[in-house]
Amino acid sequence: MKTALILSAIDPGLGGILVTGPKGSGKSTIVRAMEELLPTTEHVVGCEFNCDPGDVNNLCPTCVERRAVEGGLPVGRRRMRIVELPLGATEDGLLGAIDAEAAFRRGVKRLQPGLLGRANQNILYIDEVNLLPDHLVDCILDPAV
């Protein structure tokens, strides 16, 4: 488990890790403690979806527009984070939802990021995945394909 966690921190492109073990064996503690060892990544400053400025094919709509208008994107660096999925998560909390206030008050179509958006370029930690409703598991696995 230690080697897998270290390798995933070094190269997030390797994919996910399934950590198993008996209750009370310290699985959650180890994952949370790993946050201090995570590398820094480049991100678009001010982007709610933590877009990677070097990956222009996968920018959020706001970053695409900013890039077109400003001719580039402001780049910052920050340490990767652990984003934890709570057991009571909802589909809109996971995927994001339309910002109703912005739509009604200003007539602006705007998406509020969910946990998956905030986990972009970070690590999504799911404890007790077996207790999640099937449709949420599908929502998590579909983007990973």
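Residue numbers (the numbering used here): 18 to 162. In this text, a Cβ means the ideal position worked out from N, Cα and C, and glycines have one as well.
Asked, Found
"Cβ-Cβ distance between M14 and V36 below 8 Å", "No statement about residue 14 is possible, as the shown extent of the chain runs from 18 to 162 and does not include it."
"Status (buried if at least 16 other CB within 10 Å, exposed otherwise) for L17", "Outside the shown range of the chain, which is 18 to 162, sits residue 17, and nothing can be said about it."
"Cβ pair L128, P160 closer than 8 Å", "no"
"Top-ranked residue by Cα proximity to E53, from A120, L90, P70, I99", "I99"
"Straight-line Cα distance separating L22 from I34", "7 Å"
"Stretch-stretch touch, CB-based, cutoff 8 Å, three pairs: the region 67-74 with the region 111-127", "no"
"Inter-residue Cα distance where the pair is Q138 and G124", "30 Å"
"Residues bridged to Q129 (per DSSP)", "A114"
"Alpha-carbon spacing of V92 relative to A85, whole angstroms", "15 Å"
"Length at least 3, wholly inside the region 38-92: the beta strand (DSSP E) runs in chain order", "57-61"
"Three-way DSSP call (helix, strand, coil) for R1 in this model", "Residue 1 falls outside the range modelled here, since the chain spans only 18 to 162, and no answer is possible."
"Burial state of D69, where buried means 16 or more other Cβ atoms lie within 10 Å", "buried"
"Presumed contact (8 Å Cβ cut-off) between L55 and R96, rounded CB distance", "6 Å"
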